[in-house]
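Visitor: Mind looking over this structure? Questions follow.
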Amino acid sequence: MPPLANKRILLGVTGGIAAYKSAEIIRRLQDVGANVRVVMTHAATQFITPLTMQALSGNPVHLELLDTDAEAAMGHIELARWADVILVAPASADFIAKLTNGEGGDLLSALCLASRSPLAIAPAMNQGMWRNASTQHNIEQLRGRGINIFGPAEGSQACGDVGPGRMSEPEDIAELTADLFETGTLAGKKVIITAGPTREAIDPVRYISNHSSGKMGYALAEAAAEAGAETILISGPVSLTSPDRVKTIAVTSAQEMYDAALAEADGCQLFIASAAVADYRPVQVSEQKIKKAADSLTIEMVKNPDIVSAVAALQNRPFTVGFAAETATVEQGLELHARGKLERKNLDLVIANDVSDRTIGFNSDDNAVLVVEMKSSEAIPKINKSILARQLIAKIAAMIPN
Ligand code: PMT
644 MPPLANKRIL
654 LGVTGGIAAY
664 KSAEIIRRLQ
674 DVGANVRVVM
684 THAATQFITP
694 LTMQALSGNP
704 VHLELLDTDA
714 EAAMGHIELA
724 RWADVILVAP
734 ASADFIAKLT
744 NGEGGDLLSA
754 LCLASRSPLA
764 IAPAMNQGMW
774 RNASTQHNIE
784 QLRGRGINIF
794 GPAEGSQACG
804 DVGPGRMSEP
814 EDIAELTADL
824 FETGTLAGKK
834 VIITAGPTRE
844 AIDPVRYISN
854 HSSGKMGYAL
864 AEAAAEAGAE
874 TILISGPVSL
884 TSPDRVKTIA
894 VTSAQEMYDA
904 ALAEADGCQL
914 FIASAAVADY
924 RPVQVSEQKI
934 KKAADSLTIE
944 MVKNPDIVSA
954 VAALQNRPFT
964 VGFAAETATV
974 EQGLELHARG
984 KLERKNLDLV
994 IANDVSDRTI
1004 GFNSDDNAVL
1014 VVEMKSSEAI
1024 PKINKSILAR
1034 QLIAKIAAMI
1044 PN
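The sequence shown begins at 644 in the numbering used here and counts up by one.
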């Protein structure tokens, strides 16, 4: 099993006879260095006590969504952020249905909703419940959302039935959980990612900017760090929390982002420009707030330096990846526009997205992209930005020379 030193696994335990096996999962994950925290549903506490799970994990067990003491220590959103991976084992049919419906009425469901980390479930239930069309439909839905389904195994069940529905063995679940971590695909590499918008000042209170939230870039930084890279995130003004294990440099304007990128570029093997950099800035920045006396106002603009082109032009250039924010679908020539940027900016790869679609691109949780290389392209359909980021990082890591 790959080592999990410093990896943080949140183990969710739902109500089912297999709950006793989750104690063994804690042990197996700890054997390879993982830090495990446990969240239990009320039904789970009928099968195994929180005290047992606390003693084994070495951490307090979390039970309540609305518990002021628990929230003061580590609130549910902090817990969701804490987890590198959420593993729910056993996952009952009832919990699977809640997860499919996006319910958040209990702590574990709320955590799964709030978290951007990979989620895995190990179903455990009676064979009839597992075979039921509703459960199978739910499982397919979850699989389609990128949720990992571990098992179930087949065999004799606690209720006396024989068939599929037994929870997989703890060693197998621990092994599959460890495999979720992209350990080492970018180990030893320095990666720089730009993210968010830039703001170009007009006067002390006004600026020109765009709708980038930074979600795509932050997800990429998180995935790169997870893959073992020394990760530097150069971020325009956003309201996101800096990912763990990432050095974040906060900038405001395009010029500041350019300066930070070139200052950090030395020794970098991978540069990903996901920031929505303002192409122009006002020639003059008024020192005083501009009064609204005149009926019209003309602002003269000058072009900003192109950050990703400058990095791609360096002598020891990193593998350089640009994004292309286009208002065109695949049918309307998204690839052609992206290919133009690939060539003009001398990039190794362009990730194109259609930002006219409000459900992807700017400020949404999902994105759908076309990954354009010199001689080929690959479409990745709409998916959560965190999952997409991991897929992109895995793809790019395989393209970087060692
Ligand atoms: O932040 P989110 O809300 O999650 O939204 C994500 C996103 C839509 C911003 C992201 O997926 C995206 O498309 N980022 C690129 C936005 C953009 O500015 O695209 P562009 O086609 O105008 O620029 C092409 C490339 O040149 C980009 O890699 C850009 O970072 C880079 N560039 C542009 C201008 C400039 N002066 N310097 C640059 O480096």
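Every residue, glycine too, gets a C-beta built ideally from N, C-alpha and C.
If you draw a straight line from the alpha carbon of Lys-741 to that of Gly-747, how long is it in whole angstroms?
Guide: Here the question's residue 741 lines up with position 98 in the sequence shown. Here the question's residue 747 lines up with position 104 in the sequence shown. Distance between the alpha carbons of Lys-741 and Gly-747: 8 Å.
Visitor: Once you ignore the five residues that flank Lys-1028 on each side, which residues in its own chain have a CB closer than 7 Å to its CB?
Guide: Sequence index remark: in the sequence shown, residue 1028 carries index 385 (1-based). If we look at Lys-1028 and ignore the five residues flanking it on each side, its Cβ neighbours are Lys-858, Met-859, Ala-862, Asp-1008, Asp-1009 and Asn-1010.
Visitor: Based on the DSSP secondary-structure assignment, which residues constitute the bridge partners of Glu-797?
Guide: Here the question's residue 797 lines up with position 154 in the sequence shown. Note: Glu-797 sits in a beta bridge opposite Pro-807.
Visitor: Any contact between the region 925 to 943 and the region 968 to 978? By contact I mean 3 or more CB pairs, one from each, below 8 Å.
Guide: The region 925 to 943, when compared against the region 968 to 978, does not touch it at the 8 Å Cβ threshold.
Visitor: At a cut-off of 7 Å, would you count Gly-787 as near ligand 1, judging by its Cβ distance to the nearest heavy atom?
Guide: Within the sequence shown, numbered from 1, the residue matching residue 787 stands at position 144. It does not: the Cβ of Gly-787 is nowhere closer than 7 Å to a heavy atom of ligand 1.
Visitor: Does the count of Cβ pairs from the region 796 to 803 and the region 922 to 929 closer than 8 Å reach three?
Guide: Too few Cβ pairs lie closer than 8 Å, so no.
Visitor: Should Asp-1000 be listed as close to ligand 1, given that the test is whether its C-beta is under 7 Å from any heavy atom?
Guide: Translated into the one-based positions of the sequence shown, residue 1000 becomes position 357. Checking every heavy atom of ligand 1 against the Cβ of Asp-1000, none is found closer than 7 Å.
Visitor: For Met-658, is the classification buried or exposed, using 16 other Cβ atoms within 10 angstroms of its Cβ as the cut-off for buried?
Guide: Mapped onto the sequence shown, residue 658 falls at position 15. Looking at the sequence shown, residue 658 is not Met but Gly. Gly-658 should be labelled buried.
Visitor: Suppose the cutoff is 7 Å on Cβ atoms and the five residues either side in sequence are ignored; what does the same chain contact list for Tyr-850 look like?
Guide: Taking the sequence shown and counting its residues from 1, the one referred to as residue 850 is at position 207. The answer, listed in chain order, is Arg-842, Glu-843 and Ala-844.
Visitor: State the DSSP-derived secondary structure class of Ala-687, mapped to helix, strand or coil.
Guide: Here the question's residue 687 lines up with position 44 in the sequence shown. Three-state result, Ala-687: helix.
Visitor: Is the beta carbon of Lys-664 closer than 8 Å to that of Pro-795?
Guide: For this step, residue 795 is matched to residue 152 along the sequence shown. For this step, residue 664 is matched to residue 21 along the sequence shown. The answer is no: Cβ separation not under 8 Å.
Visitor: Select from Ala-916, Ala-736 and Ile-1036 the residue whose C-alpha is nearest the C-alpha of Gly-771.
Guide: Translated into positions along the sequence shown, residue 771 becomes position 128. For Gly-771, the nearest C-alpha among the options comes from Ala-736.
Visitor: Please identify the residue among Pro-847, Asn-769 and Glu-869 whose C-alpha is closest to the C-alpha of Leu-933.
Guide: Residue mapping note: residue 933 aligns to position 290 of the sequence shown, counting from 1. The displayed chain sequence assigns Ile, not Leu, to residue 933. Nearest of Pro-847, Asn-769 and Glu-869 to Ile-933, Cα basis: Pro-847.
Visitor: Give a single yes or no on whether Gly-718 has its beta carbon closer than 7 Å to a heavy atom of ligand 2.
Guide: With respect to ligand 2, the structure offers nothing, as its ligand set consists of ligand 1.
Visitor: Can you check which of these residues, Met-683, Ala-661 and Arg-651, is closest to Asp-727 by C-alpha distance?
Guide: Taking the first residue of the sequence shown as 1, we reach residue 727 at position 84. The option with the nearest alpha carbon to Asp-727 is Arg-651.
Visitor: Starting from the N-terminal side, write out each stretch of the alpha helix (DSSP H) that is 4 residues or longer and does not extend beyond the region 958 to 1024.
Guide: Qualifying alpha helix (DSSP H) stretches, in chain order: 977 to 987.
Visitor: Need the endpoints of the beta strand (DSSP E) that Leu-913 sits in, please.
Guide: Stepping through the sequence shown from its first residue, residue 913 is reached at position 270. 913 to 916 is the extent of the beta strand (DSSP E) around Leu-913.
Visitor: I'd like to confirm the pairing. Which residues does DSSP put opposite His-705 in its beta bridges?
Guide: Position 62 of the sequence shown, counted from the start, is the residue given in the question as residue 705. According to DSSP, His-705 bridges with Val-682.
Visitor: Taking Cβ positions, are Thr-743 and Leu-785 nearer each other than 8 Å?
Guide: Walking along the sequence shown from the start, residue 743 turns up at place 100. Walking along the sequence shown from the start, residue 785 turns up at place 142. Yes; because the gap between Cβ atoms is below 8 Å, this pair is in contact.
Visitor: In whole angstroms, what separates the C-alpha of Arg-809 from that of Ile-764?
Guide: What you label residue 809 is simply residue 166 of the sequence shown in a count that begins at 1. What you label residue 764 is simply residue 121 of the sequence shown in a count that begins at 1. If you take the alpha carbons of Arg-809 and Ile-764, they lie about 13 Å apart.
Visitor: Would you give the residue range spanned by the alpha helix (DSSP H) that Asp-822 belongs to?
Guide: Residue mapping note: residue 822 aligns to position 179 of the sequence shown, counting from 1. 813 to 822 is the extent of the alpha helix (DSSP H) around Asp-822.
Visitor: For the structure I just gave you, are there three or more beta carbon pairs, one from the region 867 to 881 and one from the region 819 to 836, closer than 8 Å?
Guide: A contact exists between the region 867 to 881 and the region 819 to 836.
Visitor: How many angstroms separate the CA atom of Thr-684 from the CA atom of Ile-739?
Guide: Taking the first residue of the sequence shown as position 1, residue 684 is located at position 41. Taking the first residue of the sequence shown as position 1, residue 739 is located at position 96. Straight-line Cα distance between these residues: approximately 13 Å.
Visitor: Below 7 Å, is the gap between the Cβ of Thr-837 and the nearest heavy atom of ligand 1?
Guide: Translated into the one-based positions of the sequence shown, residue 837 becomes position 194. Under cutoff, so the answer is yes.
Visitor: Along the alpha helix (DSSP H) that carries Arg-924, what are the first and last residues, could you check?
Guide: The residue given as residue 924 occupies position 281 in the sequence shown. Per DSSP, Arg-924 belongs to no alpha helix (DSSP H); it is in the beta strand (DSSP E), 923 to 925.
Visitor: Buried or exposed for Gly-655, please, with buried defined as at least 16 other CB atoms from any protein chain shown within 10 angstroms of its CB.
Guide: By 1-based counting over the sequence shown, the position of residue 655 is 12. The residue is buried, with at least 16 neighbouring Cβ atoms inside 10 Å.
Visitor: Whole angstroms are fine: how far does the CA of Ala-662 sit from the CA of Val-704?
Guide: The residue labelled residue 704 in the question sits at position 61 within the sequence shown. The residue labelled residue 662 in the question sits at position 19 within the sequence shown. Cα to Cα, the separation comes out at about 14 Å.
Visitor: Which value, in whole angstroms, describes the spacing of the CA atoms of Phe-1005 and Pro-807?
Guide: The residue you call residue 1005 lines up with position 362 of the sequence shown. The residue you call residue 807 lines up with position 164 of the sequence shown. Approximately 43 Å between the Cα atoms of the pair.
Visitor: Compute the Euclidean distance between the alpha carbons of Ala-776 and Val-731, then round it to the nearest angstrom.
Guide: Residue 776 sits at position 133 when you count from the first residue of the sequence shown. Residue 731 sits at position 88 when you count from the first residue of the sequence shown. Ala-776 and Val-731: Cα-Cα distance of roughly 21 Å.
Visitor: Quick one: measure Cβ to Cβ for Met-696 and Val-681, integer angstroms, because I've assumed they're closer than 8 Å.
Guide: Residue mapping note: residue 696 aligns to position 53 of the sequence shown, counting from 1. Residue mapping note: residue 681 aligns to position 38 of the sequence shown, counting from 1. That belief holds up - the Cβ atoms of Met-696 and Val-681 are roughly 4 Å apart, short of 8 Å.
Visitor: Would you tell me roughly how many angstroms separate the C-alpha atoms of Asp-1057 and Leu-985, rounded to the nearest one?
Guide: With the chain represented from 644 up to 1045, any question about residue 1057 goes unanswered, as that position is not in the structure.
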